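Heads up, the sequence shown is in my numbering, so the first residue is 7 and it goes up one at a time.
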Amino acid sequence: MPVAIITGASKGLGRALAEALAERGWDLVLDARTADALQEAAAALGKHGTRVEALPGDVTDPAHRAGLAAAAQRLGGIDLLVNNASALGAEPLVRLEHLALDGLRQALEVNVVAAVGLVQEALPMLRESAAGTVIDISSDAAAEAYETWGGYGASKAALDHVSAVLAEEEPGLRVWAVDPGDMGTDLYAAAVPDDDDPRPAPASVVPAFLRLLDERPASGRYAAPALLELTR
Numbered sequence: 007m008p009v010a011i012i013t014g015a016s017k018g019l020g021r022a023l024a025e026a027l028a029e030r031g032w033d034l035v036l037d038a039r040t041a042d043a044l045q046e047a048a049a050a051l052g053k054h055g056t057r058v059e060a061l062p063g064d065v066t067d068p069a070h071r072a073g074l075a076a077a078a079q080r081l082g083g084i085d086l087l088v089n090n091a092s093a094l095g096a097e098p099l100v101r102l103e104h105l106a107l108d109g110l111r112q113a114l115e116v117n118v119v120a121a122v123g124l125v126q127e128a129l130p131m132l133r134e135s136a137a138g139t140v141i142d143i144s145s146d147a148a149a150e151a152y153e154t155w156g157g158y159g160a161s162k163a164a165l166d167h168v169s170a171v172l173a174e175e176e177p178g179l180r181v182w183a184v185d186p187g188d189m190g191t192d193l194y195a196a197a198v199p200d201d202d203d204p205r206p207a208p209a210s211v212v213p214a215f216l217r218l219l220d221e222r223p224a225s226g227r228y229a230a231p232a233l234l235e236l237t238r
């Protein structure tokens, strides 16, 4: 069975994607900071008959990243790495003039540095896979200038560039930076707590990710809403 590592997998997009892959027979290595929520997610996913390794921890911790790679190796290797764990840098979001530099450092550490570190751990096994793939979860804030989204957007723009460079350096892999579009997640609620407009459920964009995995287009940056339009 193929094996995926998904960070930030206890809820939101990470859990929705894990659910879809479990239904397809994938074995999973899941990460999240909250142990109880992660164990609950793992128990639910295990009902599909998939093997699940759930490792609570912080992706900024090198030992934790090494543990995720080791867990995948025990399952047979790594076919897919999803860098989904994210930090805003400020909750709620603030203008750049008020953005604490420690918050900016946290966003860069979680969204970029940890993602690169996990890629480094996973690369030997990804290269051995017949379909080695990295999906880096991006944001429209990486490409568009939105007031108060400067720190988070900058970190996601950096992740986009890391994805593009990795694709050049590893032509045997597929490397996709994917903007999932608007979603009703805890991250968004923390970013803009006063926004009462309903947002789509994370599960609604999962078909876009499955399409990428099925069709395996060239490495690059993709927007889930555009992929969903093409499937209708």
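Heads up, the beta-carbon is just placed ideally off N, CA and C, and yes, glycines get one too.
Fair warning: this is a prediction, and the values are worked out from it, not measured in the lab.
Pick out whichever of A28, L86, E176, V116 has its Cα sitting closest to the Cα of A68.
As a position in the sequence shown, residue 68 is number 62, starting the count at 1. According to the sequence provided, residue 68 is Pro. The question's Ala does not apply to it. It is V116.
Under the rule that 16 or more other beta-carbon atoms within 10 Å means buried, what is R80, buried or exposed?
In the sequence shown, residue 80 corresponds to position 74, counting from 1. Counting Cβ neighbours within 10 Å, R80 comes out exposed, since fewer than 16 surround it.
In whole angstroms, what is the alpha-carbon distance linking L87 and V212?
Walking along the sequence shown from the start, residue 87 turns up at place 81. Walking along the sequence shown from the start, residue 212 turns up at place 206. So the two alpha carbons sit approximately 15 Å from each other.
Starting from V181, follow the beta strand (DSSP E) in both directions and report where the run begins and ends.
For the purposes of this step, residue 181 is taken as residue 175 along the sequence shown, with counting starting at 1. First-last of the beta strand (DSSP E) with V181: 180-185.
Counting along the chain, where does the alpha helix (DSSP H) carrying G83 start and finish?
Your numbering for residue 83 matches position 77 in the sequence shown. That residue, G83, is in no alpha helix (DSSP H); it is neither H nor E in DSSP.
Among E153, E25, P199, which has the Cα closest to the Cα of E103?
Reading the sequence shown from its first residue, position 97 is the one you call residue 103. With distances taken between Cα atoms, E103 lies closest to E153.
Mind reading off the beta-carbon distance from P177 to D85? Whole number of angstroms is fine, and I expect it under 8 Å.
Here residue 177 is taken as the residue at index 171 of the sequence shown, counted from 1. Here residue 85 is taken as the residue at index 79 of the sequence shown, counted from 1. So it is not a contact: roughly 17 Å between Cβ atoms.
In this structure, how does DSSP classify D108 when only helix, strand and coil are distinguished?
On the sequence shown, position 102 is the one that residue 108 refers to. Three-state result, D108: helix.
If I measure Cβ to Cβ from A43 and keep anything under 7 Å in the same chain, skipping five residues before and after, which residues do I get?
Against the sequence shown, residue 43 aligns to sequence position 37. The answer, listed in chain order, is S16, K17.
Should the segment 159-166 be regarded as contacting the segment 123-132, the criterion being three or more beta carbon pairs within less than 8 Å?
Segments in contact, no.
Nearest-angstrom Cα distance between A149 and A28?
The sequence position of residue 149 within the sequence shown is 143, counting from 1. The sequence position of residue 28 within the sequence shown is 22, counting from 1. Roughly 32 Å between the two C-alpha positions.
Use the C-beta contact count for G31: other C-beta atoms within 10 angstroms, 16 or more gives buried, fewer gives exposed.
Indexing the sequence shown from 1 puts residue 31 at position 25. Per the 10 Å Cβ criterion, exposed.
What distance in whole Å lies between the Cβ atoms of A120 and R71, which are believed to be in contact at a cut-off of 8 Å?
For the purposes of this step, residue 71 is taken as the residue at position 65 of the sequence shown. For the purposes of this step, residue 120 is taken as the residue at position 114 of the sequence shown. The Cβ separation is near 7 Å, so the contact holds.
Just list the residues that DSSP pairs L61 with in beta bridges.
Here residue 61 refers to the residue found at position 55 of the sequence shown. Paired residue(s): D37.
Taking only three categories from DSSP, how would you classify D142?
In the sequence shown, residue 142 corresponds to position 136, counting from 1. Strand.
Residues in its own chain within less than 6 Å of L234 by CB, not counting five upstream and five downstream?
Walking along the sequence shown from the start, residue 234 turns up at place 228. Excluding positions up to five away in sequence, the list reads A214.
Hey, L19 and P130: beta-carbon distance below 8 Å or not?
Looking up residue 19 in the sequence shown gives position 13. Looking up residue 130 in the sequence shown gives position 124. Taking 8 Å as the Cβ cut-off, L19 and P130 do not qualify as a contacting pair.
Tell me which residue opens and which closes the beta strand (DSSP E) that A15 is part of.
Translated into positions along the sequence shown, residue 15 becomes position 9. It is not in any beta strand (DSSP E) - A15 carries neither H nor E in the DSSP assignment.
What residue from L110, M189, A10 has the CA that sits closest to A76's CA?
Indexing the sequence shown from 1 puts residue 76 at position 70. For A76, the nearest C-alpha among the options comes from A10.
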